[in-house]
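Q: Going by the numbering used here, the first residue of the sequence shown is number 2, and it counts up by one from there.
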Amino acid sequence: MLRAPAGQTPMSVILTGVILAGVLMAALGLAPPDAPAAESLRIGFVLGLSGLAAPEESDIQNGAVLAVEEHNAATGPDDPTITLTFHDTKNTPIGAKVAAEEAVFAGADLLLAPAYSSQTLEAARTAQDLGVPLISVIATHPDIAAVGDRVFSVCFDDHAQARAMAAFAHTTLGAGTAVILVDLTSAYGLAMAGAFRERFTALGGRIVAEIPYKMRQRNFDQQLRQVAEARSDVLFMPGYWVDGAVMVKRLEAFGITAVPLGGDGWGSWMFESRRGDSPRRGYYTDHWAAFMADEASVRFTKAYARRFGHAPVAGSALAYDAVGVAVLAAKRAGSARPEDLTSALASIRDFPGITGSITFQAGGKAQKDIHIMEIANGKARLLQTITPHEAP
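1) According to DSSP, is G354 helix, strand or coil?
2) What are the boundary residues of the alpha helix (DSSP H) that Y305 is part of?
3) In or out: T386 buried (at least 16 other Cβ within 10 Å) or exposed?
4) In three-state DSSP terms, what is A36?
5) Is the distance from the Cβ of L262 to the Cβ of F292 below 8 Å?
6) Quick one, are the C-beta atoms of H372 and D234 less than 8 Å apart?
7) How big is the Cα-Cα spacing for L384 and M166?
8) Apart from the five residues on each side of it in sequence, which residues of its chain come closer than 6 Å, Cβ to Cβ, to R164?
9) Quick one: what's got a C-beta closer than 6 Å to R226's C-beta in the same chain, skipping five residues either side?
10) Helix or strand or just coil, what does DSSP make of L346?
11) Whose C-alpha, out of P81, K98 and V243, is nearest the C-alpha of I44?
12) Please report the distance separating the alpha-carbon of F153 from that of P143.
13) Would you give the residue range spanned by the alpha helix (DSSP H) that P56 belongs to?
14) Kindly confirm or deny that the segment 92 to 111 and the segment 64 to 77 touch, where touching means at least three C-beta pairs closer than 8 Å.
15) Return the chain-ordered list of same chain residues with a C-beta closer than 7 Å to the C-beta of Q362, the five sequence neighbours on each side being excluded.
16) With 16 as the cutoff for other CB atoms within 10 Å, does N378 come out buried or exposed?
17) When the Cα of F221 is compared with those of F309, R198, V183 and W289, which residue comes out closest?
18) Any chance you could list the alpha helix (DSSP H) runs of at least 4 consecutive residues sitting entirely within the segment 228 to 301, in chain order?
19) Using C-beta distances below 6 Å, list every residue in its chain close to P239, excluding the 5 sequence neighbours before and after it, in chain order.
20) Can you tell which of T186, E102, L48 and I181 has its C-alpha closest to the C-alpha of A259?
21) Can you check which of these residues, A74, A100, L42 and I83, is closest to L50 by C-alpha distance?
22) Can you give me the Cβ contacts of L204 inside the same chain, cut-off strictly under 8 Å, excluding the 5 residues immediately before and after it?
23) Would you mind stating whether G357 and D370 have Cβ atoms separated by less than 8 Å?
24) If you draw a straight line from the C-alpha of G132 to the C-alpha of Q224, how long is it?
25) Skipping 5 residues on each side, what residues in its chain have a beta carbon closer than 7 Å to that of R308?
26) Taking just the CA atoms, how far does Y214 sit from F157?
27) Please name the residue, chosen from T86, E273, G266 and G177, that lies closest to A104 on a Cα-to-Cα basis.
28) Could you check whether Y321 and F301 sit closer than 8 Å to each other, using their CB atoms as the reference points?
29) Is the beta carbon of M271 less than 8 Å from the beta carbon of W289?
30) Can you tell me the Cα-Cα spacing of P33 and A109, whole angstroms?
31) Out of M216, A231, A124 and G177, state which residue places its alpha-carbon closest to the alpha-carbon of I207.
32) Look at L113 and V328 and say whether their C-beta atoms are less than 8 Å apart.
33) How many angstroms separate the CA atom of A22 from the CA atom of T127?
34) Using CA coordinates, which residue listed in A179, A312 and P78 is at the minimum distance from S59?
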């Protein structure tokens, strides 16, 4: 069952009272309402339905919607029925905290978290404090799972993907030198830059320059001149699509021959639509893509396109998997009580997700494959898949 009023700002009228009640309960040291038996699983999806990232979040939201619709349509006698509600972060960290409180005190047994790490960290801390399990869908900061024992992640983290890219650059591309463009305003970018630097230098590579910038700068010419002057083999750009799309279109204008490398921040359809045919050659890490040809991916992509009229993105598939993991936990626990769901989530091994096998390690992190995507002549394709035990 789905509940989201028109405009996708759920319960915007009645939740003022709910939030106040929740705050009062928290102040008095009272727990959220007890969960019902396993015949019903209430999932609260905390995500940015308004604000700058709303277009991206809508595709992530759709993945969860499809999973719930498919599950409820095929519910057997031992399966819980799912109720899915949406709670708007307004794309701010404080909004994520408020939305998480809103979801829990409206009765959610389990939370799904938004795309941006800064928001998911706040939602995770709130869920941990209120004793409700939370699954990070696509937010990748390493500190998220470390918030507490109630927090899980169905995606790999920034350290894993940056290390994989550093090893790929040095071992496969033969790069001996690298420049890093660092977004000083982004926890994501800083974590990625640090892990890439550590791994690349450990393998024998040399970082010849680290050039700072700030998200949504109007002009990156100063930074790109510094990149050109550094003359490196590769250029690691661990930022979001909003800046990456602008930068890669300007590389040739500055005579930059370094091969551009990115992370899953390049996996957005917004990056593809804005970068045009640039770069002519480049590589990035991602969780999944609609062009992947395995049987599960093809089935999911077709079902998503039929339902929503366009292809899914990595976040869509991860949200679909997050719902699947939550349902499996409820079935194993025979209960939707938050403490039972938490224990059941911690026990999950080798869940067959659309984005690959999911195993929760100690601390709630997912052991996941990492895909290296290649951009050749402006078109992206899957080049290589790195499994955890194969990582150099």
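Glycine included, C-beta positions come from ideal geometry on N, C-alpha and C. All values derive from a computational prediction rather than experimental measurement.
A: So, to answer that:
1) strand
2) E296 to F309
3) exposed
4) Note that A36 scores 40 on pLDDT, short of 50, meaning its location in the model is unreliable; the coordinates nonetheless yield the value given after this. The answer is coil: DSSP assigns A36 none of H, G, I, E or B.
5) no
6) no
7) 12 Å
8) A196 and R200
9) none
10) helix
11) P81
12) 11 Å
13) A55 to A74
14) no
15) Q368
16) exposed
17) V183
18) 242 to 249 and 270 to 276
19) G190, M193, A194 and G264
20) I181
21) A100
22) A167, A168, H171, T172 and P393
23) yes
24) 45 Å
25) L67
26) 25 Å
27) T86
28) yes
29) no
30) For P33, the predicted structure reports a pLDDT of 48, less than 50, and the residue's modelled location is therefore unreliable. The matter cannot be settled from this model.
31) Here residue 207 is Arg; the residue named in the question, Ile, does not match the sequence. Answer by Cα proximity: G177.
32) no
33) A caution first: A22 carries a pLDDT of 37, below 50, which makes its placement in the model too unreliable to give a value.
34) A312
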